[in-house]
Amino acid sequence: MTAHCRERDPLVFVAVRRATRHGYVVRLFRAPGGGRTAVAFTTRAGLTAALGPDHAMVRLTLPALRALVEPFGIRSLTIDPALITAAPVLPIPMADATA
């Protein structure tokens, strides 16, 4: 038995993507400041509204999510983000028209 017991942590919905034929990995996102963050939703509807109805997801506790992403240097968790956008598309410089 563990040294301490606490009330069961609530489960959250976490976006995942297929990594191999038999496995999935947690999707990581960029925070507004540019750093990487793990994202969790308190409802399935929240994840579906943000990422679409066909997006793969799993249910984890927040401590489990932290344990999965901390080895990659990610210390930020975002819960129920108001907005998720695609990565910005950088313009391709055009050739100098004066040449």
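The letter at position 80 of the sequence shown is residue 79 when you use my numbering, and the numbering goes up by one with no holes.
Glycine included, C-beta positions come from ideal geometry on N, C-alpha and C.
This structure is a prediction, so every number in the text was calculated from the model and none was measured.
Own chain, CB closer than 6 angstroms to residue i, minus 5 neighbours either side, in chain order
i, result
"V57", "V13, V15"
Buried or exposed (CB count within 10 angstroms, at least 16 for buried), residue i
i, result
"A81", "exposed"
"V38", "buried"
Spatial neighbours of residue i in its chain, beta-carbon cut-off 7 angstroms, leaving aside the 5 residues before and after
i, result
"A30", "T36, S75, T77"
"L59", "L10, V11, V13"
Beta strand (DSSP E) segment containing residue i, residue limits
i, result
"R17", "10 to 19"
"I78", "76 to 78"
"R29", "27 to 29"
Rounded straight-line distance, which links the Cα of residue j to that of residue i
i, j, result
"G33", "H21", "31 angstroms"
"L67", "Y23", "12 angstroms"
"M0", "R7", "In this prediction, M0 scores a pLDDT of 36, lower than 50, which makes its location untrustworthy; the coordinate-derived value is nonetheless stated afterwards. For M0 and R7, the distance between alpha carbons rounds to 15 angstroms."
"A65", "H54", "With the sequence shown as reference, residue 65 is identified as Arg, and Ala is not the correct amino acid for it. Using only the alpha carbons, I get a separation of about 21 angstroms."
"A49", "I73", "21 angstroms"
Sequence-distant residues of its chain with Cβ nearer than 8 angstroms to residue i (five each side left out)
i, result
"P70", "none"
Boundaries (first-last residue) of the alpha helix (DSSP H) holding residue i
i, result
"T36", "Unbroken run through T36 is the beta strand (DSSP E), 35 to 40; no alpha helix (DSSP H)."
"G45", "43 to 50"
"R58", "From DSSP, R58 is part of no alpha helix (DSSP H) but of the beta strand (DSSP E) over 56 to 60."
Supposed close pair residue i, residue j - CB separation, criterion 8 angstroms
i, j, result
"L61", "V25", "Actually they are not in contact, since the Cβ atoms of L61 and V25 sit about 12 angstroms apart, beyond 8 angstroms."
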